[in-house]
Amino acid sequence: MAITIAPERPDQDDLDRLFDRHSAFCHADTPPESIHMMDRAALAAEGIEFHVMRQDGLAIGMGAIKRIGAHEGEIKSMHVLNDERGRGLGRRMVDHLIAAARAQGMTRLSLETGAQDSFAPARMLYAAAGFVPCEPFGDYRPDPMSVFMTLPLAQA
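Mapping of the sequence shown onto full-length UniProt numbering: position 54 corresponds to residue 54, and the numbering continues sequentially without gaps.
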C-alpha cells in the first residue's frame, strides 16, 4: 500500500468524497457562523497550496497551506477519511504540510480548529506536532467555537 502526498488541484472529481466528508464533519456540530472551511474554488486561489494524500492512487486525505503574510501560513481543510484514521496518516499529513511551509520560506504556521469534543483528536494531533494555543490571527476574531494554534518554524 503506497501512500503519497503531493500538491494537486482541488477541482478533481475523485476528491468529491473527501470534500463531502470534510464538509459534513465541519457542519455536524458547528454553527454556520463559526465554520471557517474553504470551498474548492477558494482552495484553488493564488497563495494556497493544496495537497492530497493517496493510497494506491485513491484519495484518502487532504490539507492546504494558505499564505497569510510574507513569512506566515495557515493550515486549511486538513482531513483524513474516518475509515483511514488510527494509522498515523493525520500526523503524516501535518508533518508534510509543515515541511511544505518551510520549503516556501515560512517562519510560522498557524491554524484554526473546533473547540468541540468532536475536534479533540485534531487538537491533540496538532499539539503532538508542536502547535501551541495562540490568539486569533489574520482575519479571525475570538469565537468560543474555535481554538487557534501556532507553530514557529525553525529554518534549516
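The beta-carbon is built from N, C-alpha and C at its ideal position, and this holds for glycine as well.
Counting only the Cα atoms, Met145 lies some 7 Å from Thr30. Secondary structure at Ile65: strand, using DSSP grouped into helix, strand and coil. With contact defined as three or more Cβ pairs closer than 8 Å, the segment 55 to 73 and the segment 114 to 123 are not in contact.
Under the 10 Å beta carbon count, Pro10 is surrounded by 16 or more other beta carbons and is classified as buried.
Excluding five sequence positions before and after Ala127, the CB atoms of its chain that fall closer than 8 Å to its own CB belong to Met149, given in chain order. When the Cα atoms are used, Met78 and Ala70 turn out to be separated by approximately 22 Å. Judged by beta-carbon spacing, Leu151 lies within the 7 Å limit of Phe131, meaning their Cβ atoms are closer than that value. Excluding five sequence positions before and after Asp143, the CB atoms of its chain that fall closer than 6 Å to its own CB belong to Ser34, given in chain order.
Going by DSSP, Pro121 is part of the alpha helix (DSSP H) stretching over 120 to 128. Assignment of beta-bridge partners to Ala6 by DSSP yields Val52. DSSP places Ile75 within a strand segment (E or B) once states are collapsed to three.
Taking the CA atoms as reference points, Cys26 sits about 11 Å from Met38. Beyond the five residues adjoining it in sequence on each side, Leu153 comes within less than 8 Å, by CB distance, of Ile98, Ala101, Arg102, Met106, Thr107, Arg108, Leu109 in the same chain, given in chain order. Burial check for Met62: the Cβ neighbour count within 10 Å reaches 16 or more, so the residue is buried. Ile3 places its beta carbon 7 Å or farther from that of His96. Contact between Ile75 and Ile65 holds, with the beta-carbon distance rounding to 6 Å and staying under 8 Å.
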